[in-house]
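Enquirer: Heads up: the sequence shown begins at 7 in this note's numbering, then just goes up one per residue. Using N, Cα and C, we set each Cβ at its ideal position, and we do this for glycine too.
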Amino acid sequence: MEQRNLILAIVASIAILLGFELLYNAPQREQQAQQAAQQETTQQEQSGGASQAPSPQGGDGGGGVPGAAPGQAGALDRGEVLDDTQRVEIDTPSLTGSINVKGARIDDLTLRNYHQEVDDDSPLIDLLSPEGATKAYYADFGWAPASRANVTLPDGQTNWQVDSGGPLTPDNPVTLSWSNGEGLTFKRTFSIDEDFMFTVEQTVVNETGEPVSLAPYGLVNRRGTPNTLGYYILHEGPIGVFNGTLDEVDYDDVQEDGPIAYETTGGWIGITDKYWLVSLVPNQDQPVNARFIHNQSNAGVAKYQADVLYDSQQVAPGESMTSTSRLFAGAKKVSVLDGYAEQYGIPHFDKAVDFGWFYFLTKPIFHALHFFAQMTGNFGVAIICLVVILKILLFPLANKSYRSMAKMRKLQPEMQNLRERFGEDKQRLNQEMMALYKREGANPASGCLPILLQIPVFFALYKVLFVTIEMRHAPFVGYLQDLSSKDPTSILNLFGILPWGVPELGALSILNIGFLPLIMGISMYGQQMLNPQPADPMQARIFQFLPVIFTFILSQFPAGLVLYWTSNNMLTIAQQYIIMKRAGMQIGGKQTASAGATDSSAKSGGSSGSGGSGGGKKRAGKQKGESQGGQQAAAANGGPTLEGEATDVTAQANGEGDSSADGQAQAGSESAAGAGQQGSTGGKSAGGQRSRSGQQRGSSNPAAKRKGGGASKSKKGGGRR
7 MEQRNLILAI VASIAILLGF ELLYNAPQRE QQAQQAAQQE TTQQEQSGGA
57 SQAPSPQGGD GGGGVPGAAP GQAGALDRGE VLDDTQRVEI DTPSLTGSIN
107 VKGARIDDLT LRNYHQEVDD DSPLIDLLSP EGATKAYYAD FGWAPASRAN
157 VTLPDGQTNW QVDSGGPLTP DNPVTLSWSN GEGLTFKRTF SIDEDFMFTV
207 EQTVVNETGE PVSLAPYGLV NRRGTPNTLG YYILHEGPIG VFNGTLDEVD
257 YDDVQEDGPI AYETTGGWIG ITDKYWLVSL VPNQDQPVNA RFIHNQSNAG
307 VAKYQADVLY DSQQVAPGES MTSTSRLFAG AKKVSVLDGY AEQYGIPHFD
357 KAVDFGWFYF LTKPIFHALH FFAQMTGNFG VAIICLVVIL KILLFPLANK
407 SYRSMAKMRK LQPEMQNLRE RFGEDKQRLN QEMMALYKRE GANPASGCLP
457 ILLQIPVFFA LYKVLFVTIE MRHAPFVGYL QDLSSKDPTS ILNLFGILPW
507 GVPELGALSI LNIGFLPLIM GISMYGQQML NPQPADPMQA RIFQFLPVIF
557 TFILSQFPAG LVLYWTSNNM LTIAQQYIIM KRAGMQIGGK QTASAGATDS
607 SAKSGGSSGS GGSGGGKKRA GKQKGESQGG QQAAAANGGP TLEGEATDVT
657 AQANGEGDSS ADGQAQAGSE SAAGAGQQGS TGGKSAGGQR SRSGQQRGSS
707 NPAAKRKGGG ASKSKKGGGR R
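(1) Would F248 and Q208 be called neighbours here (beta carbons separated by less than 8 Å)?
(2) Report the rounded CA-to-CA distance for E254 versus D360, giving the unit in angstroms.
(3) Closer than 8 Å, CB to CB, is S326 near chain D or not?
(4) Kindly give me the distance between the Cβ atoms of I519 and T557, rounded to whole angstroms, as I take these residues to be in contact under 8 Å.
(5) Nearest-angstrom Cα distance between A404 and P456?
(6) Measuring CA to CA, which of Q290, T231, K193, L400 is closest to Y143?
(7) Assuming contact is defined by CB atoms lying nearer than 8 Å, are A110 and S318 in contact in what I supplied?
(8) If you run the structure through DSSP and keep just helix, strand and coil, what is D161?
(9) Less than 8 Å separating the beta-carbons of D313 and G224?
(10) Taking contact to mean 3 or more Cβ pairs, one atom from each stretch, closer than 8 Å, check whether the region 574-590 and the region 406-413 are in contact.
(11) Across the region 255-269 and the region 160-174, are there enough close Cβ pairs to call them in contact, namely three or more that are closer than 8 Å?
(12) Just to check my reading of the structure: L467 and A565 have Cβ atoms closer than 8 Å, yes? What is that Cβ distance to the nearest angstrom?
(13) What residue range does the beta strand (DSSP E) around P151 cover?
(14) Is it true that the region 367-387 meets the region 291-305, where meeting means three or more beta-carbon pairs spaced less than 8 Å apart?
(15) Do you know how far the Cα of K416 is from the Cα of Y346?
(16) Looking at the unbroken beta strand (DSSP E) that takes in S183, where does it start and where does it end?
(17) Hey, is the region 204-220 in contact with the region 124-138, meaning 3+ C-beta pairs nearer than 8 Å?
(18) For T647 and G527, what's the separation of their Cα atoms in angstroms?
(19) Is it buried or exposed for F309, if we count other Cβ within 10 angstroms and need 16 for buried?
(20) Only counting the same chain, and skipping five residues up and downstream in sequence, which positions put a Cβ closer than 6 Å to that of S183?
(21) Can you tell me whether G645 is helix, strand or coil according to DSSP?
(22) In terms of residue numbering, what span does the alpha helix (DSSP H) encompassing I398 cover?
(23) Under 8 Å between the Cβ atoms of I96 and G85?
(24) With burial defined as no fewer than 16 other Cβ atoms inside 10 Å of the residue's Cβ, what is the status of L130: buried or exposed?
(25) Quick check on T382: does DSSP put it in helix, strand or coil?
(26) Looking at G273 and R246, is the spacing between their C-beta atoms short of 8 Å?
(27) Mind the definition here: the region 329-342 touches the region 419-435 only if three or more C-beta pairs lie below 8 Å; say whether that holds.
(28) Using a Cβ-Cβ cutoff of less than 6 Å, which residues in the same chain neighbour A480 once the five nearest sequence positions on both sides are dropped?
(29) Less than 8 Å between the CB atoms is what I'm expecting for S331 and P288, so what's the real figure, rounded?
(30) Do S529 and M477 have their C-beta atoms closer together than 8 Å?
(31) For F521, which residues from the same chain have a beta carbon less than 7 Å from its beta carbon, with the 5 sequence-adjacent residues on both sides left out?
(32) With DSSP collapsed to three states, give me the class of F192.
(33) For A322, I'd like the list of residues in its chain whose CB is within less than 6 Å of its CB, leaving aside the five on either flank, ordered along the chain.
(34) According to DSSP, what are the bridge partners of F464?
(35) Taking the CB atoms as reference points, tell me whether A139 and V107 lie closer together than 8 Å.
(36) By how many angstroms is the C-alpha of Y570 removed from the C-alpha of I579?
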């Protein structure tokens, strides 16, 4: 009972979490996506002028990083904006795009290796877009005056000159320059590696004849709130590491709390999506001021900005000063982030991937999957390999668990007997149960340990499937081309046989059960058949419906998670079957109390007829010193209890059989009396009373009037099952 209650609690907890994700978070995400789409349409229909020029902001009366300009009321198509400006091409194995000569901004980036859908013909992911586009998202760099000195500085409207021709490639950096006509010349050199890291060198040459104090800055600016919000297990929005501590800020917090500022040495700051990151990486040995800010226009268009401002430096006449910053803009590929963290000493850069609170478990599981995927070339096979490895590691516990389960199954008749005897006395029942477990070497909770150990692995795998770019659009076999999304088939169209697509049912999409979840449900049912069935009818009914419930729930979860569960079930079935066979257990079926009692009676009768006195001596030895006499179960030889209770159970269990309850009661009385003669005086008295009680109860049973053949024949009579 205790084992069943614990398993039910575990299963109920999992079902609640999965149901919350399915019935609450999924509709929330869908509603937010629709609202964002409507907002975007409204913004496109609004008319308005050009964006407001950034205004200097600073807390000391001096200059600072330009603030986020109020969002435009109107926005153009991304392609139209790109066609209207002069640009320097970006061409790398991972990125394609351009640098805007107006403002010298990185505002056009497309990821070469990532499509919007599984189909390779679907559009590529556009990460950055220029100001004036519907989803403007760009990175900018510049200089801020250290005081209110009248110094003309470049801004987003400045037209730079291309000094070195493009395109920008890993082998070919690009330099742009601009002179303010007052003796200050600014140069900006862009270089890039083969992945996603830009290096930006800003140089200012002072030919004014006077010293000038300037502070270099970098910023990431985003127009509008993304429509991929609502994941309770994933952070999207402003993010950064400041003084070695990760800080994740929600978009709402920036809107409500105003600017959020930090003073830090090194670290990084940016804006993250589920799979993509745009982040500023300052020099790790220099102190900077970092902040998140928000602005909003009268038309309701929001802008978010993450920026860093270095300490001001004085440039003497005839001298120059150079500041170097880096910009990461690309996919949050774990190996790439780890490589940059090691190469540039960036703290916690891998935590841009939201591995969650169980980082210590989630990331190792990811690395294990990635290792197996590199070996096999398939993440689905890697998941199966992970299951096999876990099964091997947990085999000692599983072996012990299944052997204990085998003992528990054999003890079902005796446990049922104890429930009938002490059903009203819960404390006494628990004491007798514990004594039975101890005597037989069974542990009712041992079957839960392998389950408990796999629950963190299950949720860690769900996290890996949900947040890592490596699992996005990762295929398995056949129709399963994306393990990070749910099974695309549906029983409603016979898994694609019928000529119509999978219907979109909104909250009722739980009815769209795919082929893999169906196999998972069948495997779960097969595993259940190997377990001892609960004696309690209510628990038995609950367990019968669990495979059906989990089939519906998991049908909406990533196919990789369902593949893990299915593989685990199948290996568990094989493992459990072999162990139970070796233990000599019956596979499947319900162990009833009547069957066990009948078999026990047969053994009791034989013992009474041939060697009752010897059996009585053994029992008396076990019960010596107890004033009540004969409260424990019989010894391992199968003899009846001192109380003669086995006689009652046998009489009830075989009431309609051919055996005689009266004969059984008599045999039980004789055996109990024999045991009493070997015990103490109190034991004799108690034994005699219980013998008479057993005879009275046996004779009052209607079955006692039938022709009896003794307890030794009770096995032939057979009880009800």
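Expert: According to the structure data:
(1) Contact flag unset, no.
(2) Rounded to whole angstroms, E254 to D360 spans 10 Å at the Cα level.
(3) In the structure shown, chain D cannot be found, because there is only a single protein chain.
(4) A Cβ-Cβ distance of about 6 Å is found for the pair I519 and T557, placing them in contact under the 8 Å criterion.
(5) Each residue's Cα considered, the two are about 6 Å apart.
(6) For Y143, the closest alpha carbon among the candidates Q290, T231, K193, L400 is that of T231.
(7) No.
(8) The three-state reading of DSSP puts D161 in coil, since its state is none of H, G, I, E or B.
(9) At the C-beta level, D313 and G224 come within 8 Å of one another.
(10) Below 8 Å, enough C-beta pairs join the region 574-590 and the region 406-413 to call them touching: three or more.
(11) No: fewer than three Cβ pairs fall under 8 Å.
(12) Cβ-Cβ separation between L467 and A565: approximately 12 Å, too far for a contact (criterion under 8 Å).
(13) Annotation for P151: the continuous beta strand (DSSP E) segment containing it runs 143-151.
(14) Not touching, per the Cβ criterion.
(15) Rounded to whole angstroms, Y346 and K416 show a C-alpha spacing of 59 Å.
(16) It spans 180-185 - the beta strand (DSSP E) in which S183 sits, taken as one unbroken run.
(17) In short, these stretches do not touch, since the Cβ pair count stays below three.
(18) At T647 the pLDDT is 40, less than 50, meaning the model places this residue with poor confidence; the figure from the coordinates comes in the next sentence. Their backbone Cα atoms lie some 44 Å apart in a straight line.
(19) One detail in the question is off: residue 309 reads as Lys in this sequence, not Phe. Buried, because 16 or more other Cβ atoms sit within 10 Å of the Cβ of K309.
(20) In the same chain as S183, and ignoring 5 residues on each side of it, the C-beta atoms closer than 6 Å to its own belong to Q167, D169, K193, in chain order.
(21) At G645 the pLDDT is 40, less than 50, meaning the model places this residue with poor confidence and gives no usable figure here.
(22) Bounds of the alpha helix (DSSP H) holding I398 are 385-399.
(23) Against a cut-off of 8 Å, the Cβ pair of G85 and I96 comes out as no contact.
(24) By the neighbour-count rule (16 or more Cβ atoms within 10 Å), L130 is not buried but exposed.
(25) DSSP, read as helix, strand or coil, puts T382 in helix.
(26) According to the sequence provided, residue 246 is Gly. The question's Arg does not apply to it. Taking 8 Å as the Cβ cut-off, G246 and G273 qualify as a contacting pair.
(27) With the cut-off at 8 Å, the region 329-342 and the region 419-435 do not touch.
(28) Non-local beta-carbon contacts of A480 in its own chain, meaning distances under 6 Å to residues more than five positions away in sequence, involve F385, L489 in chain order.
(29) Taking a contact as a CB-CB distance under 8 Å, the pair S331 and P288 counts as one, their CB atoms being some 6 Å apart.
(30) Pairing S529 with M477 gives a Cβ-Cβ distance that is not under 8 Å.
(31) Cβ-Cβ distances below 7 Å link F521 to D493, T495, F501 in the same chain, with the five nearest sequence neighbours on each side left out; the list follows chain order.
(32) The answer is strand: DSSP assigns F192 an E or B state.
(33) In chain order, P217 place their CB closer than 6 Å to the CB of A322, counting only its own chain and leaving out the 5 sequence neighbours on each side.
(34) F464 is not bridged to any residue.
(35) Taking 8 Å as the Cβ cut-off, A139 and V107 do not qualify as a contacting pair.
(36) Roughly 14 Å separates the two Cα atoms.
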